[in-house]
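In case it helps, this note's numbering puts the sequence shown at residues 125 to 383.
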Amino acid sequence: MITVASKLGSVIEEEMENEIGIMYDGWTHGTMHYVAVYGLYVVGDRLLRSLLAHSPLDGGSQDADAHIDFFRNVLAVYNKTVYMIVFMIADNCNIDRSIATKLGVPLVGCTSHRFNLAVKKFLTEHESLLQKVNNLMQQLRYPNNAAQLAKLTPLLAKTRNVTYWASTYEMQERYVNLRAHVRQIEAVEDSLPSTSEHKKLCALLVQLTKLDSVCKRLQSDTTSMGEVGAGEKLSAAETTALKRFEGQQSTQRPSETGR
125 MITVASKLGS
135 VIEEEMENEI
145 GIMYDGWTHG
155 TMHYVAVYGL
165 YVVGDRLLRS
175 LLAHSPLDGG
185 SQDADAHIDF
195 FRNVLAVYNK
205 TVYMIVFMIA
215 DNCNIDRSIA
225 TKLGVPLVGC
235 TSHRFNLAVK
245 KFLTEHESLL
255 QKVNNLMQQL
265 RYPNNAAQLA
275 KLTPLLAKTR
285 NVTYWASTYE
295 MQERYVNLRA
305 HVRQIEAVED
315 SLPSTSEHKK
325 LCALLVQLTK
335 LDSVCKRLQS
345 DTTSMGEVGA
355 GEKLSAAETT
365 ALKRFEGQQS
375 TQRPSETGR
């Protein structure tokens with residue numbers, strides 16, 4: 125395994141040459157902060173993305189200098205330096221802008237991240253209904269309720285992750301598919317949204333389905349930066365779904381760590 129890793133590292137080192145882009149993200153689990161770094165470079169006419177490192181960010185600090193030191197150490201493994209970085213792809217937050225400024229390279233902000241913030245703001249007006257559905261889903265995961273549900277359908281209850289808007293769409297879609305079965309489970313009957321609430325949730329699901337389609341296109345390997353700006357690849361329904369966000373500036377700002 126060590127031999128394979130060494131040979132693969134040599135191939136990546138040769139392919140990257142002296143001009144590379146980096147794409148990174150970080151997240152915290154418990155008390156440990158992890159960072160994943162990808163190298164982006166062109167070989168022939170193909171854009172390649174290679175995972176360069178996936179490691180805890182040691183030292184306690186998570187500021188811009190700590191990240192730059194981490195990048196420096198990672199690139200050194202491939203005999204590269206931070207001076208070879210020509211652009212950086214990361215979330216649109218203060219720390220990432222600081223990193224890009226200190227490196228003297230352009231920051232290509234994550235469109236999906238901006239989209240996520242905008243959708244979260246849009247969902248605010250529906251929060252009470254969504255919380256009701258989430259509470260129902262949590263109850264359906266209790267052992268006794270889950271056992272009864274399993275007798276009625278192979279579908280499992282899904283809860284949402286408030287930091288990841290697509291999980292709200294997935295939960296909402298699952299709720300609509302489960303509702304007829306859930307009505308047969310007496311223990312959660314009182315937690316079901318009313319008929320009028322259900323109609324509102326169904327209407328919301330239609331909007332979320334369109335927004336999910338937009339999100340997937342933004343993450344497609346075939347979607348260019350120009351197309352993201354001009355919306356050239358969006359259908360009429362998807363373009364309509366995005367209209368509500370035009371000119372809207374999210375009031376939500378990531379924390380200084382951006383994670």
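Heads up, the beta-carbon is just placed ideally off N, CA and C, and yes, glycines get one too. These numbers were taken from a predicted model, which means no experiment stands behind them.
Nearest to residue i (by Cα), restricted to the options the options
i	options	result
Met147	Lys334, Ile192, Asn285, Pro317	Ile192
His305	Gln186, Trp289, Ala200, Leu276	Leu276
Leu176	Leu132, Asn268, Val229, Ser252	Leu132
Ala311	Pro267, Lys334, Trp289	Pro267
His178	Leu273, Gly163, Ser320, Leu247	Gly163
Glu141	Gln186, Met208, Thr155	Met208
His250	Ile136, Glu321, Ser185	Glu321
Neighbourhood of residue i by C-beta distance below 7 Å, restricted to the same chain and skipping five residues each side
i	result
Leu329	Gln296, Glu297, Val300
Asp314	none
Asn384	This structure leaves residue 384 out entirely; the chain is present only between 125 and 383.
Asn269	Gln263, Ile309, Ala311, Val312
Thr155	none
Phe194	Val159, Leu181
Buried versus exposed call for residue i [16 or more other C-beta atoms within 10 Å across all chains shown]
i	result
Tyr202	buried
Trp151	exposed
Asn258	buried
Leu279	exposed
Lys324	exposed
Lys282	buried
Gln308	exposed
Tyr288	exposed
Gly145	buried
Gln255	exposed
Lys226	exposed
Residues near residue i in its chain [Cβ-Cβ closer than 6 Å; skip 5 each side]
i	result
Asp336	Tyr293
Gly382	At Gly382, the pLDDT of 40 sits below 50, so the modelled position is not reliable; the number obtained from the coordinates is stated separately. Here the set comprises Asp215, Cys217, Ile219, Asp220.
Arg265	Ala281
Gly233	Asn216
Gly228	none
Local conformation of residue i per DSSP, three classes
i	result
Thr205	coil
Ile309	coil
Ser318	coil
Tyr288	coil
Ser179	strand
Asp83	Here the chain covers residues 125 to 383 and nothing more, so residue 83 does not appear.
Thr248	helix
Leu164	strand
Asp189	helix
Thr152	strand
Arg265	coil
Leu172	strand
Leu254	helix
Gly233	strand
Ala281	coil
Gly133	helix
Ile144	strand
Contact check, residue i vs residue j, beta carbons under 9 Å
i	j	result
Val210	Val161	no
Leu260	Leu316	yes
Glu143	Ser174	no
Arg221	Leu231	yes
Val243	Cys339	yes
Ile213	Ala188	no
Asp149	Val159	yes
His157	Leu181	yes
Leu273	Leu302	yes
Same chain, Cβ closer than 8 Å to residue i, neighbours up to 5 away in sequence not counted
i	result
Val167	Glu139
Leu253	Pro317, Glu321, Lys324, Leu325, Leu328
Leu171	Leu164, Tyr165
Thr205	Arg196, Leu199
Glu137	Tyr202, Asn203, Lys204
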